[in-house]
Each structure stands twice: as structure tokens, then as C-alpha cells.
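Visitor: Each position in the sequence shown, counted from 1, maps to that position plus 434 in the working numbering.
I have a structure here, written as C-alpha cells, and I will follow up with some questions on it.
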Amino acid sequence: MGHQILETTVSLTSMPGKVMEQIILSAIMQHVQDNQVIRPSHHGFMKGRFCLANLISFYDKVTHLMDEGKAVDVVYLDFSKAFDTVSHSILLEKLAAHSLDGRTLRWVKNWLDGQAQRVVVTGVTSSWRPGLSTGTSSF
């Protein structure tokens, strides 16, 4: 047998940092809910909205259209790493456009500005790149 590579993610996010992330995440989610920023049909990242409910809703809509004799095309996309590629300035502009308060926006900006990650494999280290570690809330 060949060598197996063990991939392990190590998060170095501090406990105070994690607590602050949760406070900011709660403020943003409260704003999102109060202002109906995200439609009820969105399930993927919303607490209390499960993938199964999304699948059932999707199945219901597709079968209804097919019962009416209409053609249905389905495209599946995987956005699991999408947040890593989002421009921080565009994200902040979108949050501001949805009237997120200035204090929370400044916290988010400062949090994003300080995020970087690198990969270390058998002592070989990559360069630092902007991004989020696995241990963050990734709001």
C-alpha cells in the first residue's frame, strides 16, 4: 500500500474572537430576519432551515410543473467554498445596501481585514492568503 495523506485543519481562532464572531453574527442575522433580506425559500445557510425542507419544496415545484406538461431543467451548483472567493469590499457594500448599522459594518470590515490563512504540509509552508479559517463563524 502507498502512503496515506492525513489532512487536518487546525483552527487558531481565539476564544474571545469566536465569542465576538457570534455576537456580530447574531446582530447580522437579527437584522436579516427583521428586514426580510433573505427570502423564506433560501435554506442552505439559515439556522433552522434544513436541506430536507428545501428538497421537498423543490420536488413539489418540479412535480407540479411536470404534471402540467411543462419541461423542467435542473442545474446543481456547489457553492461550499464560495465565501472564500467573495470580494470583501463588495460584501461590505451589499451589507450597507441592506441598511446594516455602521457599528456592525465596521466590526465586519475589521474582522475581514485581519483574516488570512496558509497551508503547511510536511514542513513546507505556502504563502499567506486572505481568507477564513475553518474555526470561524463565516457569517
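All C-beta atoms, glycine included, are put in the ideal place defined by N, C-alpha and C.
Bridge partners for residue 552 per DSSP, in chain order?
Guide: Taking the sequence shown and counting its residues from 1, the one referred to as residue 552 is at position 118. Residue 552 pairs with nothing; no bridge assigned.
Visitor: Closer than 7 Å by C-beta to residue 460: which residues in its own chain qualify, once you throw out the five before and the five after it? Chain order, please.
Guide: Within the sequence shown, the letter at position 26 stands for residue 460. Answer for residue 460: no residue qualifies.
Visitor: Under 8 Å Cβ to Cβ from residue 508, same chain only, skipping five residues before and after it: list those, please.
Guide: Here residue 508 refers to the residue found at position 74 of the sequence shown. Excluding sequence neighbours, residue 508 sits near 496.
Visitor: Classify residue 489 as buried or exposed, calling it buried when 16 or more other Cβ atoms lie within 10 Å of its own Cβ.
Guide: Taking the first residue of the sequence shown as position 1, residue 489 is located at position 55. Counting Cβ neighbours within 10 Å, residue 489 comes out exposed, since fewer than 16 surround it.
Visitor: Go through its chain and collect everything with a Cβ distance to residue 541's Cβ below 6 Å, but skip five positions before and after it.
Guide: Translated into the one-based positions of the sequence shown, residue 541 becomes position 107. The residues are 458.
Visitor: So, at 6 Å on beta carbons, what are the nonlocal neighbours of residue 573 in its own chain, with the 5 sequence-adjacent residues on each side left out?
Guide: In the sequence shown, residue 573 corresponds to position 139, counting from 1. Residue placement at residue 573 is poorly supported in this model, since its pLDDT is 48, which falls under 50; the coordinates still yield a value, given next. For residue 573, where only same-chain residues beyond five positions count, the Cβ hits under 6 Å are 459, 462.
Visitor: Mind listing, in chain order, the continuous beta strand (DSSP E) runs of no fewer than 3 residues lying wholly within the stretch 469–546?
Guide: Here no run is fully enclosed.
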